[in-house]
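Peer 1:
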Amino acid sequence: MRAARYLRWFLVSILVLFIAIQLVRPARSNPASNPSANLMAHATPAVAKIFSRACRDCHSNETQWPVYSQIAPISWLLAYDVREGRDHFNYSEWTSIDPDDQDKLLGGICSLTRRGRMPMPKYVWMHREAKLSATDIEALCAWSEKMRDTIQ
Ligand code: HEC
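Heads up, the final residue of the sequence shown is numbered 201 in the working numbering, and it's a clean run with no missing numbers.
1. Does the Cβ of residue 168 have 16 or more other Cβ atoms within 10 Å, making it buried, or fewer, making it exposed?
2. What distance in whole Å lies between the Cβ atoms of residue 139 and residue 101, which are believed to be in contact at a cut-off of 8 Å?
3. Classify residue 191 as buried or exposed, calling it buried when 16 or more other Cβ atoms lie within 10 Å of its own Cβ.
4. Is the separation between the beta-carbon of residue 83 and that of residue 111 shorter than 8 Å?
5. Using the Cα positions of residue 116 and residue 77, report the straight-line distance between them to the nearest angstrom.
6. Can you give, in chain order, each stretch of the beta strand (DSSP E) that sits fully within the segment 72 to 123 and has at least 3 residues?
7. With a threshold of 7 Å on Cβ separation, who are the neighbours of residue 75 within its own chain once the five nearest residues in sequence on each side are excluded?
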């Protein structure tokens with residue numbers, strides 16, 4: 050019966066650990082931002098729709114945090130991706146990005162989606178609606194190339 054006792058202790062420890070880690074709650078904030086500073090102010094409705102369904106959660110201040118984002122350790126992983134995503138490219142704060150970086154980001158929107166690197170595959174796995182069709186990618190590329198010409 051010793052084995053059964055160890056197993057019980059093991060399961061209780063896992064449970065206690067799971068409860069304890071819930072105390073470490075990452076910030077899941079959506080900072081306020083000015084709509085006129087948003088890159089989407091310059092997007093066609095079709096392009097804005099693609100961004101909403103495939104990029105918004107990680108690259109804007111309008112993240113929709115799912116219910117499971119409340120639960121550690123998932124909460125930590127999601128908060129990390131959103132922080133990294135916003136650090137690299139936050140389209141809600143587009144006008145505060147310097148023009149050279151804007152140019153690179155617009156190039157990246159086309160090349161990364163073409164290569165299947167964005168949206169991140171693990172995101173598409175959880176959010177089927179974020180999957181991009183060839184037509185979506187061509188729309189993003191055509192629009193982002195035009196946007197690049199407007200950058201001084
Ligand atoms: C699950 C979160 C997530 C989603 C969804 C997502 N991204 Fe990203 N993206 C990231 C992270 C994290 C990085 C930075 C690290 C990296 O490059 O892998 C990044 C980097 C980028 C970069 C490069 C920024 C740089 O510094 O060069 C571009 C451009 C980009 N993403 C565009 C998009 C576009 C366009 C979409 C939607 C079609 C999208 N991403 C969807 C998380 C995401």
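Glycine included, each C-beta is placed from N, C-alpha and C at the ideal position.
Peer 2: This is what the structure holds:
1. Along the sequence shown, read from residue 1 onward, the residue named residue 168 stands at position 119. With 16 or more Cβ atoms within 10 Å of its Cβ, residue 168 is classed as buried.
2. On the sequence shown, residue 101 is found 52 positions in, with the first residue counted as 1. On the sequence shown, residue 139 is found 90 positions in, with the first residue counted as 1. Actually they are not in contact, since the Cβ atoms of residue 101 and residue 139 sit about 15 Å apart, beyond 8 Å.
3. Here residue 191 is taken as the residue at index 142 of the sequence shown, counted from 1. By the neighbour-count rule (16 or more Cβ atoms within 10 Å), residue 191 is not buried but exposed.
4. To locate residue 83, count along the sequence shown from 1; it is residue 34. To locate residue 111, count along the sequence shown from 1; it is residue 62. Not closer than 8 Å, so no.
5. Within the sequence shown, residue 116 is the residue found at index 67, counting from 1. Within the sequence shown, residue 77 is the residue found at index 28, counting from 1. Taking the straight line from one Cα to the other gives about 12 Å.
6. none
7. Walking along the sequence shown from the start, residue 75 turns up at place 26. Excluding positions up to five away in sequence, the list reads 124, 125, 128.
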